[in-house]
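With our numbering as the guide, the letters of the sequence shown map in order to residues 22 to 315. We put the CB at the ideal spot given by N, CA and C, even for glycine. These notes are about the structure you will find just below.
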Amino acid sequence: MTNNKLITGKTKLLGVIGYPVEHSLSPAMHNAAIANLGLDYVYLPFPIAPQNLEIAIAGFAAIDVVGFNVTIPHKQAIMPLLSKITPVAQAIGAVNTVSRQNNQWVGTNTDIEGFIAPLQTTYQQDWTQKVAVILGNGGAARAVVAGCHQLGFAKIHVVGRNVQRLQEFGNSWNNSSISENLQVHQWEELSKLIPQVNLLVNTTPIGMYPKVHESPLSVEEIANLPKGAIAYDLIYIPKPTQFLEQAEKQGAIAIDGLEMLVQQGVAALKIWLQQEIVPVEVMRQALQKHLGLG
Ligand code: NAP
């Protein structure tokens with residue numbers, strides 16, 4: 022823990038805003054990195070109710086906060102309060118990382134980098150002939166779609182259960198080149214998509230605690246998963262989820278959500294500290310310990 026850190030008049034502030042924010046894993050991860058680097062920073066959780074967002078951000082500027090993460094429910098609401106938003110965050114339509122640059126707030130989204138990192142480092146390959154199927158059409162699915170597009174996937178299929186929200190999700194990419202490779206499908210069409218999938222990503226909460234015995238795929242659907250396909254679950258606890266356990270038995274390669282969580286944090290810390298070297302392994306271990314996995 023970092024409770025022996027000496028806070029001085031020079032200590033610089035980082036943090037995470039959300040509501041609620043008490044379950045955030047980011048303080049443990051970032052404070053471990055800060056301690057390891059021996060830097061005079063501290064990373065704090067800030068519970069900010071939606072109606073206080075604007076005043077809180079003005080206050081952050083007044084007290085010289087260096088940067089902060091943004092979590093639910095502020096990821097979209099923060100956007101009009103920022104001076105600049107990177108193209109990546111604009112494409113996703115959400116900001117998870119804000120930094121103070123030249124007295125202005127700049128927003129970006131590091132979830133894409135987080136999502137892509139384990140695909141690039143562990144299973145580096147040419148994705149341009151590959152098919153991705155994404156389960157769910159919520160906030161995280163937006164980063165996954167943008168990430169798959171960045172990797173060059175030939176086809177990106179998004180499967181959802183609510184027709185209206187699914188259509189809105191599909192239409193939201195109409196002004197982007199992403200729409201050329203993107204198709205949305207209702208859940209009933211999933212069984213047709215499974216046999217052609219190279220990367221199958223679960224962005225739904227199905228399989229999370231307490232419903233740890235649930236899987237987004239039926240037994241029949243899992244049986245049709247091609248051997249060597251990559252099954253990627255954004256959920257990081259339990260480890261493995263029912264979905265990943267079934268997929269591995271079927272000969273698929275499993276990736277859980279922990280590395281995405283680590284790597285989105287790594288990317289954010291690099292921005293705030295303006296340095297390329299951050300202690301990734303320390304951050305990974307801090308999260309694992311916090312989640313009872315280490
Ligand atoms: P979200 O915005 O609420 O989206 C959840 C999506 O799942 C929605 O499309 C929802 O459909 C769908 N869904 C929920 N229950 C379903 C069910 N029983 N059957 C079919 N579809 C269902 O949530 P989010 O922010 O995208 O997060 C989704 C998951 O990703 C969470 O488990 C979260 O912990 C995880 N996550 C992990 C990371 C990481 O770094 N590893 C980062 C972000 C998120 P409707 O629209 O019809 O409700």
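Check                                                                                          : Outcome
Start-to-end residues for the alpha helix (DSSP H) that takes in S120                          : Here S120 belongs to no alpha helix (DSSP H); instead the beta strand (DSSP E) covers 118-122.
Q284 and A54 closer than 8 Å at C-beta                                                         : no
Distance CB(N196)-CB(P216) smaller than 8 Å                                                    : no
Beta-carbon proximity of L35 to W293, cut-off 8 Å                                              : yes
Any non-hydrogen atom of ligand 1 closer than 7 Å to P231 Cβ                                   : no
8 Å Cβ cutoff met for G228 and Q263                                                            : yes
C-alpha distance - Q146 paired with L172, whole-angstrom precision                             : 10 Å
C-beta contact flag for I155 and V180 at 8 Å                                                   : yes
Nearest candidate by alpha-carbon position, reference P261, set K31, N223, F136                : N223
Beta-carbon proximity of A49 to L74, cut-off 8 Å                                               : no
Beta strand (DSSP E) segments (min. 3 residues) lying fully within the stretch 245-307         : 251-254, 274-276
Integer Cβ distance of P259 from V240, believed to fall under 8 Å                              : No, P259 and V240 are not in contact; Cβ-Cβ is about 19 Å, not under 8 Å.
Straight-line gap, H51 to K33 (C-alpha atoms, nearest Å)                                       : 13 Å
Per-residue burial, N158 [other beta carbons within 10 Å of its own, 16 or more giving buried] : buried
Proximity below 8 Å, CB of W208 to CB of R182                                                  : yes
Q125, DSSP secondary structure in three states                                                 : strand
Closer than 7 Å: A110 CB and nearest ligand 1 heavy atom                                       : no
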